[in-house]
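Per the working numbering: the sequence shown = residues 353 to 483. Backbone N, C-alpha and C define an ideal beta-carbon position, used for all residues, glycine too. None of the values given here were measured: they were computed from a predicted structure. Down below is the structure, laid out as structure tokens.
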Amino acid sequence: MKEPNTPKIDQLSEEAYVDPIGKTLTTSLGVPVADNQNSLKINEKGPTLLEDFLLRDKLIHFDRERIPERVVHARGVGAHGYFQAYTGNEKWTKAKFLTDTNNQTPIFVRISTVQGGRGSADVVRDVRGFS
353 MKEPNTPKID QLSEEAYVDP IGKTLTTSLG VPVADNQNSL KINEKGPTLL EDFLLRDKLI
413 HFDRERIPER VVHARGVGAH GYFQAYTGNE KWTKAKFLTD TNNQTPIFVR ISTVQGGRGS
473 ADVVRDVRGF S
């Protein structure tokens, strides 16, 4: 059943934002929207009204968005090459690559910062033990 045209419905459709491609900005329910950047308030500096369905619609979608899994070791550096012991370490280990001074062992090392981006809090995570 289609709603009858009233002056208010006509005004809503006239004031709806139309982007350069020609698409009308709408809510998740398909209602045309004139402005989705400002909220209804009592006055210029007053509190936001709960009657603002667009604000509630945006908050509901924000609250129910899927939270992506945090990539813990996303930042870091890597190095590759070879490891060669310069002195024999037979006193401490029996591992051949640590005792034979002529042996070159290929290696790849990844060092993770385990920290946030620039401007993030330094006290959020204890980075001891990560390498």
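key: Host alpha helix (DSSP H) of Arg408 (start-end)   = If you number the sequence shown from 1, residue 408 lands on position 56. From DSSP, the alpha helix (DSSP H) with Arg408 extends over 405-415.
key: Coil, strand or helix - Ile463 by DSSP   = Position 111 of the sequence shown holds residue 463. Ile463 falls in the strand class under three-state DSSP.
query = Apart from the five residues on each side of it in sequence, which residues of its chain come closer than 8 Å, Cβ to Cβ, to Phe460?
reply = Along the sequence shown, read from residue 1 onward, the residue named residue 460 stands at position 108. The beta carbon of Phe460 lies closer than 8 Å to those of Gly430, Ala431, His432 in the same chain, with the five residues before and after it left out.
request  = Grab the span of the beta strand (DSSP E) containing Ala386 for me, first residue to last.
outcome  = Here residue 386 refers to the residue found at position 34 when the sequence shown is read from its first residue. Where Ala386 is concerned, there is no enclosing beta strand (DSSP E), given that its DSSP letter is neither H nor E.
ask   = Could you give the distance in angstroms between the alpha-carbon of Asp362 and the alpha-carbon of Gly382?
value = Reading the sequence shown from its first residue, position 10 is the one you call residue 362. Reading the sequence shown from its first residue, position 30 is the one you call residue 382. Going by the C-alpha atoms only, they are around 16 Å apart.
key: Selected residue, minimal CA-CA separation from Lys393, among Glu442, Gln456, Leu406   = Numbered from 1 along the sequence shown, position 41 holds the residue referred to as residue 393. For Lys393, the closest C-alpha among the options Glu442, Gln456, Leu406 is that of Leu406.
query = Cβ atoms of Glu442 and Thr451: under 7 Å apart, would you say?
reply = For the purposes of this step, residue 451 is identified with residue 99 of the sequence shown, where counting begins at 1. For the purposes of this step, residue 442 is identified with residue 90 of the sequence shown, where counting begins at 1. Yes, Cβ-Cβ distance for Thr451 and Glu442 is below 7 Å.
Separation of Glu417 from Leu411, as counted between CA atoms = Here residue 411 is taken as the residue at index 59 of the sequence shown, counted from 1. Here residue 417 is taken as the residue at index 65 of the sequence shown, counted from 1. Cα to Cα, Leu411 sits roughly 10 Å from Glu417.
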